[in-house]
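J.:
2 protein chains.
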Amino acid sequence: MLRAALIKGVFQDSVTLMVLSRDLSAAPGVNRVSVMMGTPANKDVYRETGLWHETLSAATPNDLCVVVDSDDDDPAAAEAMAAQLKERLAELARGSRRAGYPVARSWRRARALLPDANVALISIAGHYAFEPARQALEDGCHVMMFSDNVDIEQEFELKSLARARGLLLMGPDCGTAIIRSAPLAFSNRVPSGPIAVIGASGTGIQELTSQIARLGGGITHALGLGGRDLSERIGGISALTALDLVARDAASRVVAFVSKPPAAAVKARILEAMQALGKPVVALFLGERPDRRNIGAVHLARTLDEAAMLAFELAGTDERASSLPGVAGRGICGLYTGGTLAAEAALLLAEALELEHDAAHAEGHMLRSGGHRIVDLGDDAYTRGRPHPMIDPAARNEMIMGLAGDPAVGVLLLDVVLGYGAHPDPAGEVARAVTALRAARGDNSPLVAIATLTGTVGDPQDHGGQAAALQEAGIVIADSTRAAVMLAARAVSAQAQSQDTPPALLAAMPRVINIGLRGFADDLHANGIRTVHQQWQPAAGGNERLQRMIALMQ
Amino acid sequence: MLRAALIKGVFQDSVTLMVLSRDLSAAPGVNRVSVMMGTPANKDVYRETGLWHETLSAATPNDLCVVVDSDDDDPAAAEAMAAQLKERLAELARGSRRAGYPVARSWRRARALLPDANVALISIAGHYAFEPARQALEDGCHVMMFSDNVDIEQEFELKSLARARGLLLMGPDCGTAIIRSAPLAFSNRVPSGPIAVIGASGTGIQELTSQIARLGGGITHALGLGGRDLSERIGGISALTALDLVARDAASRVVAFVSKPPAAAVKARILEAMQALGKPVVALFLGERPDRRNIGAVHLARTLDEAAMLAFELAGTDERASSLPGVAGRGICGLYTGGTLAAEAALLLAEALELEHDAAHAEGHMLRSGGHRIVDLGDDAYTRGRPHPMIDPAARNEMIMGLAGDPAVGVLLLDVVLGYGAHPDPAGEVARAVTALRAARGDNSPLVAIATLTGTVGDPQDHGGQAAALQEAGIVIADSTRAAVMLAARAVSAQAQSQDTPPALLAAMPRVINIGLRGFADDLHANGIRTVHQQWQPAAGGNERLQRMIALMQ
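These protein sequence lines map, in sequence, to chains A and B. Quick note: the first sequence uses the numbering used here, first residue 746, plus one each step. Quick note: the second sequence uses the numbering used here, first residue 746, plus one each step.
#1: Taking LEU929/A as the reference, give the member of ASP1268/A, HIS872/A, GLN956/A, TRP1281/A with the closest Cα.
#2: For GLN1299/B, I'd like the list of residues in its chain whose CB is within less than 7 angstroms of its CB, leaving aside the five on either flank, ordered along the chain.
#3: Whose Cβ in chain B lies nearer than 7 angstroms to the Cβ of LEU1163/A?
#4: Hey, could you find the ends of the alpha helix (DSSP H) SER759/B is sitting in?
#5: Grab me the residues of LEU882/B's own chain with a C-beta within less than 8 angstroms of its C-beta, minus the 5 sequence neighbours each way, in chain order.
#6: Could you tell me the boundaries of the beta strand (DSSP E) in which TYR1081/A lies?
#7: Helix, strand or coil for HIS1133/B per DSSP?
#8: Note down, in chain order, all residues in the stretch 1081-1099 of chain A with a beta-carbon under 9 angstroms from any beta-carbon belonging to chain B.
#9: Show which residues of chain A have a CB atom less than 9 angstroms away from the CB atom of GLN956/B.
#10: Would you check if there are 3 or more beta carbon pairs closer than 8 angstroms linking the stretch 1038-1054 of chain A to the stretch 1123-1135 of chain A?
#11: My parser needs the alpha helix (DSSP H) runs of 4 or more residues fully inside the stretch 1143-1198 of chain A; what are they?
#12: On the CB-based measure, 16 or more other CB atoms within 10 Å of its CB, does MET763/B come out buried or exposed?
#13: Name, please, each residue of chain A whose Cβ falls closer than 7 angstroms to the Cβ of ASP1137/B.
#14: Going along chain B in order, which residues have a C-beta closer than 8 angstroms to the C-beta of VAL895/A?
#15: Does any residue of chain A have a CB that is nearer than 8 angstroms to the CB of GLY1261/B?
#16: Residues in its own chain within less than 8 angstroms of VAL1202/A by CB, not counting five upstream and five downstream?
#17: Does THR1048/B come within less than 8 angstroms of chain A when only Cβ atoms are used?
#18: Classify ASP1124/B as helix, strand or coil using the three-state DSSP reduction.
#19: Within 8 angstroms (strictly less), CB to CB, does ASP861/B reach chain A?
#20: The ligand MN and PRO1006/A: does the residue's C-beta get closer than 7 angstroms to at least one heavy atom of that ligand?
#21: How long is the line joining the alpha carbons of ARG850/B and CYS810/B, rounded to whole angstroms?
#22: Which of the three DSSP states is assigned to PHE931/B in this structure?
#23: Report the residue from GLU1174/A, ALA1234/A, LEU1192/A whose alpha carbon sits nearest the alpha carbon of GLN1206/A.
#24: State the Cα-Cα distance for the pair ALA1013/B and ILE1040/B, rounded to the nearest angstrom.
#25: Measure the CB-CB distance between PRO1152/A and ALA1233/A and report whether it falls below 8 angstroms.
#26: Check the Cβ of ALA930/B against every Cβ in chain A and list those closer than 8 angstroms, keeping chain order.
#27: May I have the straight-line CA-CA distance separating SER759/B from ALA927/B, to the nearest angstrom?
#28: Express the C-alpha separation of SER1067/A and ASP1259/A in angstroms, rounding to a whole number.
#29: Establish whether the CB of THR1062/A and some CB of chain B are separated by less than 8 angstroms.
#30: For ARG777/A, which of helix, strand or coil comes out of DSSP?
#31: Answer with yes or no whether the minimum CB distance from PHE1265/B to chain A is below 8 angstroms.
#32: So PRO1035/A contacts chain B; which residues on that side make the cut at Cβ distance below 8 angstroms?
#33: Taking Cβ positions, are GLN956/B and SER932/B nearer each other than 8 angstroms?
#34: Could you tell me if GLN1020/B is buried or exposed, where buried requires 16 or more neighbouring beta carbons within 10 angstroms of its beta carbon?
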């Protein structure tokens, strides 16, 4: 039996109403209770789900509809339920007075209560979200629009306004953002660290930041864009603003970006902005199948976990690079005893620095381009009349010493191969050669030496001792050829890290005016973020003509 | 001042001679000592390195050449050095009698000493390596040829012979192999585990197996092929034999393959053999830039560390899959609350199972193909009139229960998203729904449920408690969407693991006749492998015409 009642002039957000519906549905004899605001869209839902009752015809968007489907045919059931509901609403009102943060009825009042507010978090129904967003932007606040179903032309208008004012508009349909540690809407508690995340997808950001945390990493911020930002119509306005913000934020050392594949023209613009950042970027355009690892400083990931891993590795590389001496010579020289390791280093270095690949391999040169070279010392040119360089270190030792007269080389890449058959102390040989080379070059010609260590803890050479010998000689150990090349490329790259004052939005904890879902204000407050909740309800009782007239008069 | 001497009729391997050269060079007043066999190639090296002396003209490949470059002009210097050298050689001979394994002068004698020998490890100069290899194959032994500079036509002849006899020829120029735990030539001590490695590159295998060990994984075997096996001329003869061997080896659950990009026709044949294995394969064709993750069961890696990681993950997936109930329904159904997670799952599942991708996305279906479907419950079709499914689990719970009447679905993929704004107990909701579903389906319709858990240990829902709730409900937790899809694909794949008797080569520790570098026999012996060292020297004093005549008479 269906019964219905209205509670006039009471506005509540959809999450609060869901909780109320669920609690009331648990009453004995009740099959289902649905409590929603009387918007036209919700009325359609009642019709489509078989819960329509004539009482609802009179409901406005400011009226609470209560529909009860129960076994018993007591005509007072809905009224009793409405009475219970009023009681619960009164409880909520009492609770909100104890919430610990102010509640305001209007934007102006909220502003007055939090004069240095700089972010508006808007989560009311999309149909109504344009006007509060416009008002916040006009008033100098950045905006996060959790609301979805906002017209794309309205989005373009708001984003154009934001751009003109130097503000960031995150959304609409932006589920997640974190500014410093402030959780905006759906977000996880992610440790602090050097990675800035930018994303056009809510759960994309959530999974990416969670994976970064899982690896032991952390983030500076996570900025949302909304799912349509990279469409042709919007043109990536917010993405470009977000990239500019993190570019100027010295704490953000690595940027991780996630979105669906952008429109072609937008992608070109975004990639250009990424290249200009002066920081390594991981880009995941989910659904693309990149056949290369990077475009300049932009590393291309294929999945969320891979993007997190890459960003984590780049952050680690950045940290290691910052502890290395600055090198005058920008050339990288790799001297490898293992042919496949040389080939892999050459391939990866060519990709990382966008070098021409040398197919000729004259004299074991797997790469010779742009002042860089990778040599396979197992090539016939070096082994005639002597054993393989993994057994006999003489040929490589000579070539290492040859770098004494080559100050253009600033980074030396090496492999150290352990195991049966190999030299009994390859790390010792390398350590002595590098030490002698450094002495010969002198302090004016510093050299970064990076080695990979192929082998296991069970190998006869004593893995730990070999690693220690390298470290004592000031040789950095990389976990893989890939990591070694990443670090080498970073060591010779221009360190364009400006130490500007960070942009105001990222320099301090945000001060937030929350408009819509009450829970978001609770979470902000619980995290020590200064917050005012604006208790929004449709203007003019939801009458749209009247709303438009009011907007025009303001 | 250059002096030279010959020691006639003494053959030593190049590594032994390198060690001797190095030790003798340390004598006072000596600039350099070079000790090599008097092969034509070595004589050229003396000429090219300015160490030529007329005395060397008379040297045969069986004669030891001693060249001393010293400051002092004592004409007896070289003779004194030769005397020292003889002393050292006598020491070595005494040492070899104490080595603990037999030494033979001929293949026949070696065979008699180790009648069940099944592997010949050949590391003499490539120029001489054909004949011992042919002899070993004719005699029913598998062969590992460490020797390089073997003519490609000789390689083809030997591999054709090996194929005809059902034997594996690893090499020539095969630096590394491990059969069970037996180290053949250059190799690392790698823990035992379920991964079989096959490679056409020595350091490629060493780095790959070392990376697997670094991740905590292990291997069954590592089989080498030689760098030219995948060329058009050789046609991958040994690769196909090696794949066939690991196919029949039940302990090898995952195969990792590394080589340079094969010739096109060979690659097609190899990929076909890989697909037919009935086991997951990781293929790294170093230098290729695959734009897809897999071709059927063949997962494509781009670097050695990525190949190791993939093989390690597949081994873990295989192990987890083996503990799951067998499912009757072969369909995978993904019910996601996060849009990006749904999109990623759809992309990866389409790649994994080579499904048509559905671009329409009707009713949030990110994928609907081949009996599989991935649904984004955040789609408008499911959220009209209700909050987002990350807040309100009702819509998903209903769809989970809907699988009660859908026995064709055997695997359920889910996301559980924690964090601010999300449901306070999403794992509990999912656990209850899956438990109810399983009860409704009954024992005849088992269901594998796999969930990802987006969130951090700092999240308000209590990450550990959420994970425990899933596990208690028999829901497998995957570390990423990628891992979840990998496991799901494995759970519905045909388990074609035959439990044949493993091939003889892999079923027991090898028994090895070592021909060439003495150190290889020492390493085998030290690892408990039954070994005979054949003290090889060029037949007929290195006279090649005479050698050919002798070969024809045998």
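Ideal Cβ positions, reconstructed from N, Cα and C, are used throughout, including at glycine.
T.: The structure says:
#1: ASP1268/A
#2: For GLN1299/B, the predicted structure reports a pLDDT of 47, less than 50, and the residue's modelled location is therefore unreliable. A value from the coordinates is still provided. Within the same chain, GLN1299/B has no close Cβ partners at all.
#3: ASN933
#4: 759-770
#5: VAL888, LEU903, LEU906, ALA907, ARG910, LEU912, LEU914
#6: 1076-1081
#7: coil
#8: TYR1081, THR1082, GLY1083, GLY1084, THR1085, LEU1086, ALA1087, ALA1088, GLU1089, LEU1092, LEU1093, GLU1096
#9: THR1199, ASP1224, SER1225
#10: no
#11: 1171-1186
#12: buried
#13: MET763
#14: Those do not exist, as VAL895/A stays about 13 angstroms from chain B at its closest Cβ, beyond 8 angstroms.
#15: no
#16: HIS1208, GLY1209
#17: yes
#18: coil
#19: no
#20: Because no ligand of any kind appears in the structure shown, any question about the ligand MN cannot be addressed here.
#21: 22 angstroms
#22: coil
#23: GLU1174/A
#24: 12 angstroms
#25: no
#26: TYR1165, GLY1166
#27: 23 angstroms
#28: In the sequence as presented, Asp is not what sits at residue 1259/A; that position holds Asn. Going by the C-alpha atoms only, they are around 40 angstroms apart.
#29: no
#30: strand
#31: yes
#32: ASP1036
#33: no
#34: exposed
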